[in-house]
Amino acid sequence: MKNFKKVALIATCTAMLGGAVMTTANAANWLMLQGTERDGQGPRAKIWGFIQPEYQSTSDTKIAAGPWAGQKAIFNQMRPDLKAAEGFNVLRARIGVRGIAMPLDSNVNYFLLAEFGNNGITRQGNGNVRVTDASVTLNHVKGARLRIGTFKTPGSEEGLQAIHVFDYINFTGATNGLLLERFFNGDGSGTTVIPGAPPTFINSGDANRPNGPVGAFRDTGIQIFDTFKNGSWEHSYAAMIGNGNGITRGENDDNQETYLYWSSELVYGGKGGRREGLKLYAWNQKGKRTLTTEGAGVYDRDRSGLGLTFRKGKHRAAFEYITADGMIFNGTDGGAVPGSPSTAGGGAVTASFNVATTGEADGMYVHYGYAINNNWEVDVRYDEYNRLTNSTAGERKFETVTLGAQYFFNKKSRLIVNYELRDAEAPNLPAGANPNLILAGMDDRLSLQILTIF
Amino acid sequence: MLLALLASPFIANQAVAAKAFADTKVVLQISDPNPFKQTLVLNVASNLVKAYGQDSVDVEIVAFGPGLRLLFAENANKGRISSLAGAGVKFSACANTTRNMGKKLGHPPALNSNAVTVDAGVVRIIDLVKKGYTLVKP
Numbered sequence: 004m005k006n007f008k009k010v011a012l013i014a015t016c017t018a019m020l021g022g023a024v025m026t027t028a029n030a031a032n033w034l035m036l037q038g039t040e041r042d043g044q045g046p047r048a049k050i051w052g053f054i055q056p057e058y059q060s061t062s063d064t065k066i067a068a069g070p071w072a073g074q075k076a077i078f079n080q081m082r083p084d085l086k087a088a089e090g091f092n093v094l095r096a097r098i099g100v101r102g103i104a105m106p107l108d109s110n111v112n113y114f115l116l117a118e119f120g121n122n123g124i125t126r127q128g129n130g131n132v133r134v135t136d137a138s139v140t141l142n143h144v145k146g147a148r149l150r151i152g153t154f155k156t157p158g159s160e161e162g163l164q165a166i167h168v169f170d171y172i173n174f175t176g177a178t179n180g181l182l183l184e185r186f187f188n189g190d191g192s193g194t195t196v197i198p199g200a201p202p203t204f205i206n207s208g209d210a211n212r213p214n215g216p217v218g219a220f221r222d223t224g225i226q227i228f229d230t231f232k233n234g235s236w237e238h239s240y241a242a243m244i245g246n247g248n249g250i251t252r253g254e255n256d257d258n259q260e261t262y263l264y265w266s267s268e269l270v271y272g273g274k275g276g277r278r279e280g281l282k283l284y285a286w287n288q289k290g291k292r293t294l295t296t297e298g299a300g301v302y303d304r305d306r307s308g309l310g311l312t313f314r315k316g317k318h319r320a321a322f323e324y325i326t327a328d329g330m331i332f333n334g335t336d337g338g339a340v341p342g343s344p345s346t347a348g349g350g351a352v353t354a355s356f357n358v359a360t361t362g363e364a365d366g367m368y369v370h371y372g373y374a375i376n377n378n379w380e381v382d383v384r385y386d387e388y389n390r391l392t393n394s395t396a397g398e399r400k401f402e403t404v405t406l407g408a409q410y411f412f413n414k415k416s417r418l419i420v421n422y423e424l425r426d427a428e429a430p431n432l433p434a435g436a437n438p439n440l441i442l443a444g445m446d447d448r449l450s451l452q453i454l455t456i457f
Numbered sequence: 002m003l004l005a006l007l008a009s010p011f012i013a014n015q016a017v018a019a020k021a022f023a024d025t026k027v028v029l030q031i032s033d034p035n036p037f038k039q040t041l042v043l044n045v046a047s048n049l050v051k052a053y054g055q056d057s058v059d060v061e062i063v064a065f066g067p068g069l070r071l072l073f074a075e076n077a078n079k080g081r082i083s084s085l086a087g088a089g090v091k092f093s094a095c096a097n098t099t100r101n102m103g104k105k106l107g108h109p110p111a112l113n114s115n116a117v118t119v120d121a122g123v124v125r126i127i128d129l130v131k132k133g134y135t136l137v138k139p
């Protein structure tokens, strides 16, 4: 009887502790985490998701110069609506289901996820709910797994990682500008702004808005990938061919996108999205984009990057350097909200989104985080984005220092507070030039977000 | 397929020998489709070995029904299973379940090399309980 009680006690304690340990279901190896299920363990259908309500605020400094002087500056407005500098939003609300359709056969698994929040995925185009991920993975050939459908492309850590383990609220400048792709029909050249001169236009009413959801670091195609373990090291590769057209679109121009990815990680221990390790990685994405209206043509789009992530004990760090050639998202005319009529020139010109089809750019970020205890973590990030480095007049340099704090209510829910010290300039233009006067009005930004995953 | 299973060298009602001097005997049942239960039953086995000592406790995990996936050769826990087997924990796989799963798969599932096939998982559990084992179903 004594032994029976002891056995019962051990079983009970194990069940209680097991429940806590097993909540960490992710893996820092995003290719495997998102593309596969654990052999012999995958559920038939696991329902999961996350919600991210948030508050953001800037001082709403207005445009200081140029044809849209006195109007709202786009960089001080809340995304995705661009109507107010302060407010609440449910940025992401996603629910999905994943698993192994036939649990006896781990060789085939699936992943389905839909977005219900208010962001660039749901706001652009028609419809409020979008399927962001819908893929099937075939694991029959070890070393050459195949994933087919719509899913996150192998690339930058900031884009590839699960968003619910992201330590910040807003993406870095380079990731936002170069990798979170907006898809346009034209390059925005219908409105042309030359500093010191009245704006000119071809089509004064065209704001050149995106023609659908942002890419969300995803594409539709086929990926071959796998991970190989060698002692404490884990080496992963992925090669993918996709439409290069983001989500909810098919192919539009017979030009396929290619993606290449490699990572090598020294695993210190643990498991899940917060597994401890040192990961080095490099990636490339190459394709073409076809514009059909202003600036019609076919343009190269090339992105590359390399970086590392580190996590051990109380310390977390990350670094990434990104280069870009072609199809550079180039902000809006005069820093105005697209669709705004110009103040000068009798209001005849509408501000539009712009794309520098042959532009070049680069950027980087450095992140460090420190876990004070199980509840509190503090973070600091510096990021730099150099837009249109091949254009003396058009080059813009953005620098942001983000101070962050996270309070973990539990392993599934946390509060994130960010304060971004934001600076931007046109480095090759005089301080008194309109672009520099406008960019001087870029406010710091306060953001608060609750994140819960279920 | 039935003949193949019957011919298997692993099949034997008493193939899993008990530890002669163990004064604590536990049979752990895994028959649940929930994958978390796989980790849980292994955790319980591990904790029993730690608490009583490898030579003083006889732990046998009997897998049948959907729980048999724990003993699939490529199960993600195969490393832990190997480690526990090294510590004296025994693993029994239900032949009835194996046969039925084979029908669905079109071929018998490959089982972990540490698993010993028994005719029926539930019968194995009852037999062990009759011999004084404590049944625990985490």
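In the order they appear, the protein sequences are chains Y and H. The number in this note's numbering is simply the position in the first sequence, starting from 1, with 3 added. The number in this note's numbering is simply the position in the second sequence, starting from 1, with 1 added. Each residue gets a CB set at the ideal place from its N, CA and C atoms; glycine is no exception.
In this chain, the alpha helix (DSSP H) harbouring H/V123 covers 122-131. Contact with chain H is found for Y/R41, since one of that chain's Cβ atoms lies less than 9 Å from the residue's Cβ. Among the CB atoms of chain Y, one or more fall inside 9 Å of the CB of H/K105. Per DSSP, reduced to three states, the secondary structure at Y/V352 is coil, with no helix or strand assignment. Residue contact check for Y/D108 against chain H: a CB pair falls below 9 Å. A direct Cα-Cα distance of roughly 40 Å separates Y/R133 from H/R81.
In the DSSP annotation of this structure, the continuous segment of the beta strand (DSSP E) that includes Y/P56 starts and ends at 49-60.
Looking only at Y/T153, Y/I77, Y/V217, the smallest Cα-Cα distance to Y/E89 is reached by Y/I77. For the segment 54-67 of chain H, the beta-carbon criterion of a distance under 8 Å to any beta-carbon of chain Y is satisfied by P67. The segment 60-72 of chain Y and the segment 92-108 of chain Y do not touch, with fewer than three beta-carbon pairs separated by less than 8 Å. Collapsing the DSSP output to three states places H/Y53 in a helix. Only R41, D42, G43, Q44, G45, P46, R47 from the segment 35-67 of chain Y bring a Cβ to less than 8 Å from some Cβ of chain H.
Nearest Cα to H/L69 within the set H/T98, H/G54, H/D120: H/T98.
Proximity of Y/M445 to chain H, defined by a Cβ-Cβ separation below 9 Å, is not satisfied. For Y/L163, the uninterrupted alpha helix (DSSP H) segment begins and ends at 160-163. The closest CA to that of Y/T455, considering only Y/L116, Y/Y302, Y/D84, Y/I98, is found on Y/I98. Per the C-alpha coordinates, the member of Y/N92, Y/D136, Y/E363 positioned closest to Y/R221 is Y/D136. Annotated three-state conformation of Y/A177 is helix, per DSSP. Per the DSSP secondary-structure output, Y/N389 pairs in a beta bridge with Y/D365, Y/K400.
A Cβ-Cβ contact shorter than 9 Å links Y/E184 with Y/G218. Our two residues, Y/T125 and Y/A96, have alpha carbons roughly 11 Å apart in a direct line. No alpha helix (DSSP H) of 4 residues or more sits fully in the segment 234-310 of chain Y. DSSP places Y/Q452 in the uninterrupted beta strand (DSSP E) bounded by 448-456. The beta carbons of Y/Q74 and Y/A339 sit closer together than 9 Å.
Look at Y/N112 here: in three-state DSSP terms it is strand. In the structure shown, H/N101 falls within a helical segment according to DSSP collapsed to helix, strand and coil. In this structure, Y/N333 and Y/V358 form a Cβ contact; the two beta carbons are roughly 6 Å apart against a cut-off of 8 Å. Between H/V90 and H/V63, the C-beta spacing is not below 9 Å. Put simply, the backbone Cα of H/V45 is about 16 Å away from that of H/S93. One finds R41, D42, G43, Q44, S109 in chain Y with Cβ atoms closer than 9 Å to the Cβ of H/N76, taken in chain order. In the three-state scheme derived from DSSP, where H, G and I count as helix and E and B as strand, Y/Q44 is classed as coil. Annotation: Y/G158 to Y/Q288 spans about 8 Å, alpha carbon to alpha carbon.
Counting C-beta pairs closer than 8 Å gives three or more between the segment 367-383 of chain Y and the segment 158-175 of chain Y, which meets the contact rule.
Between Y/K282 and Y/A31, the C-beta spacing is below 9 Å. Nearest CB-CB separation between H/L71 and chain Y: below the 9 Å threshold. With a cutoff of 9 Å on beta-carbon distance, Y/Q44 and H/Q39 are scored as near each other.
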